[in-house]
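Start counting the sequence shown at 501; every next residue gets the next number (my numbering). Glycine included, every Cβ here is placed at the ideal spot set by N, Cα and C. As the structure is a prediction and not an experimental result, all values here were calculated from the model.
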Amino acid sequence: MQPIINIHKLPEVNRSKLHRTHDGNPRCIIEVQLNFQGKRFVILEIDTSDNLKPLSTLIVKISNTDSWNSYFPTFQKQVVKRSLRWPTAKFLQDIGIRKTFNHPRNLTEMAESDEEFKNWGRRFGDILINL
501 MQPIINIHKL PEVNRSKLHR THDGNPRCII EVQLNFQGKR FVILEIDTSD
551 NLKPLSTLIV KISNTDSWNS YFPTFQKQVV KRSLRWPTAK FLQDIGIRKT
601 FNHPRNLTEM AESDEEFKNW GRRFGDILIN L
């Protein structure tokens with residue numbers, strides 16, 4: 501099964517402006533759903549191109565895609581309510597197991613041949629295998 505990739509605009513929540521980047525564009529969240537070794541995962545990344553705050557990648561091992569899909573709008577609101585931080589493990593306990601994964605350092609200088617990028621890829625694979 502091919503990964504399912506969706507790009508969503510973060511919702512407006514109360515008077516928060518965090519659903520927009522500093523230049524006024526909608527702040528988006530990328531959601532990738534995939535199956536790997538018989539397990540279902542959702543991988544999430546938020547647009548922080550305006551350098552508002554660093555935010556790691558979130559990996560959630562889910563048991564039920566339908567439950568995740570119906571929960572996702574609430575999840576997005578939580579991200580905005582928490583000032584662009586991921587919901588806690590407790591908040592996700594009925595949906596799946598969460599794991600954050602830091603981006604490689606020097607991301608702007610990295611090439612696919614870069615050893616740091618290769619190590620990052622191995623660590624990412626290890627998380628999927630062990631989660």
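Residue i to residue j span [Cα, whole Å]
| i | j | result |
| --- | --- | --- |
| histidine 508 | tryptophan 586 | 15 Å |
| threonine 565 | arginine 540 | 8 Å |
| glutamine 632 | lysine 577 | Lying outside 501 to 631, the shown extent of the chain, residue 632 is not represented and no answer is given. |
| threonine 600 | leucine 555 | 9 Å |
| asparagine 535 | leucine 628 | 10 Å |
| aspartate 614 | arginine 622 | 13 Å |
| asparagine 569 | proline 526 | 21 Å |
For residue i, the nearest candidate out of the options (CA to CA)
| i | options | result |
| --- | --- | --- |
| glutamate 449 | Phe536, Leu631, Lys590, Cys528 | Residue 449 is absent from the structure shown; the chain starts at 501 and stops at 631. |
| lysine 517 | Phe624, Gly621, Lys581 | Lys581 |
Environment of residue i [buried if 16+ CB atoms lie within 10 Å]
| i | result |
| --- | --- |
| glycine 538 | exposed |
| glutamate 609 | Residue placement at glutamate 609 cannot be trusted, given a pLDDT of 49 that sits under 50; the coordinates are not used to answer. |
| glycine 596 | buried |
Host beta strand (DSSP E) of residue i (start-end)
| i | result |
| --- | --- |
| asparagine 535 | 528-536 |
### Message
Tell me whether the stretch 518-531 and the stretch 541-559 touch, counting them as touching only if at least three CB pairs, one residue from each stretch, are closer than 8 Å.
### Response
yes
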